[in-house]
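First comes the structure, then the notes that go with it.
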């Protein structure tokens, strides 16, 4: 029983050590984020090929009072109505 | 925009600043399962206010070390801060990895496991499993515990 538990623990550690990793590069590019349509980018550079991004979250909370006040994805025709019409 | 369709992307406006719903402190993109894979990319527009400077160039996110977090289907997670790459350009490199519950290196775990198995086997052979310490002392060193 003890041996079985020990072996199970070691196998679990080996599996954890083999955890896969993905690399994503994000950028912000342009003179002014109010007027630049493609200012922000997220690029999935490398991974196992079976991994998929579920969500990406930009966080301005470290800057008191800072916020996003408009957002759009012109290339996709996305302009969320609840969030300002660019 | 590569590899995704408009229907693959939804948004969440989180942590409204001063209670204004259209002024989120965090902006989250959610992607449909199986849509945002290796080689895919998105680009979008968003204005910011009160972040380092206004108007905000691409450098501002790096100057402000703004964090971006990525969650993967399957539970892996990564986060990194933007850094300034060049004039009007910032970047962030996010490496995601599954959460490792116990930070013990595999060789170390194997060694510890081996020692444990050997010790249990030895004690069993000597009939010492479940015996009091006085018996251990007598058996191992041939003299009673004082």
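Chains as they are written, first to last, in this note's numbering: chain A, 1 to 86; chain B, 1001 to 1146.
Every residue gets a Cβ at the ideal spot worked out from N, C-alpha and C, and that includes glycine.
Is residue i helix, strand or coil by DSSP?
| i | result |
| --- | --- |
| residue 74/A | helix |
| residue 1008/B | helix |
| residue 62/A | coil |
| residue 1037/B | coil |
| residue 1114/B | helix |
| residue 52/A | coil |
| residue 1121/B | helix |
| residue 1025/B | strand |
| residue 23/A | strand |
| residue 1018/B | helix |
| residue 36/A | coil |
| residue 1127/B | coil |
| residue 1032/B | coil |
| residue 1043/B | strand |
| residue 30/A | coil |
Might you give, ordered along the chain, the residues of its own chain that have their beta carbon closer than 8 Å to the beta carbon of residue i, omitting 5 neighbours on each side?
| i | result |
| --- | --- |
| residue 1074/B | 1098 |
| residue 1043/B | 1001 |
| residue 1011/B | 1027, 1028, 1029, 1030 |
| residue 1007/B | 1032 |
| residue 1079/B | 1067, 1068, 1069, 1070, 1094 |
| residue 1021/B | 1013 |
| residue 1085/B | 1062, 1091 |
Quick check: is the beta carbon of residue i nearer than 7 Å to any beta carbon in chain A?
| i | result |
| --- | --- |
| residue 1124/B | no |
| residue 1053/B | no |
| residue 1044/B | yes |
| residue 1087/B | no |
| residue 1064/B | yes |
| residue 1070/B | yes |
| residue 1047/B | yes |
| residue 971/B | Any property of residue 971/B remains undetermined from this structure, which presents chain B solely from 1001 to 1146. |
| residue 1061/B | yes |
| residue 1008/B | no |
| residue 1028/B | yes |
| residue 1111/B | no |
| residue 1095/B | yes |
| residue 1031/B | yes |
Considering only residues of the same chain and omitting the five flanking positions on each side of residue i, which have a CB-CB separation below 7 Å?
| i | result |
| --- | --- |
| residue 1040/B | 1002, 1003, 1004 |
| residue 1057/B | 1088 |
| residue 1064/B | 1051, 1052 |
| residue 1024/B | 1013, 1014, 1015, 1016 |
| residue 135/A | What is shown of chain A runs 1 to 86, which leaves residue 135/A out entirely. |
Contact check, residue i vs residue j under 8 Å by CB: the rounded distance?
| i | j | result |
| --- | --- | --- |
| residue 1046/B | residue 70/A | 6 Å |
| residue 67/A | residue 1049/B | 6 Å |
| residue 1038/B | residue 34/A | Their Cβ separation, rounded to whole angstroms, is 32 Å, which puts residue 1038/B and residue 34/A out of contact at 8 Å. |
| residue 1036/B | residue 78/A | 15 Å between Cβ atoms; not a contact. |
| residue 75/A | residue 1092/B | 21 Å between Cβ atoms; not a contact. |
If you drop the 5 nearest sequence neighbours on each side, which residues of the same chain put their C-beta closer than 6 Å to that of residue i?
| i | result |
| --- | --- |
| residue 1083/B | 1062 |
| residue 1026/B | 1014, 1015 |
| residue 57/A | none |
Looking at chain B, is there any beta carbon in it that lies within less than 7 Å of the beta carbon of residue i?
| i | result |
| --- | --- |
| residue 8/A | Confidence at residue 8/A is low in this model, with a pLDDT of 49, below 50, so the placement of that residue should be treated as unreliable; the coordinate-derived value is given next. No, its Cβ sits nowhere closer than 7 Å to a Cβ of chain B. |
Which full runs of the beta strand (DSSP E) of 3+ residues lie inside the region 1050-1098 of chain B, going along the chain? 1067-1072, 1077-1081, 1083-1086, 1089-1097
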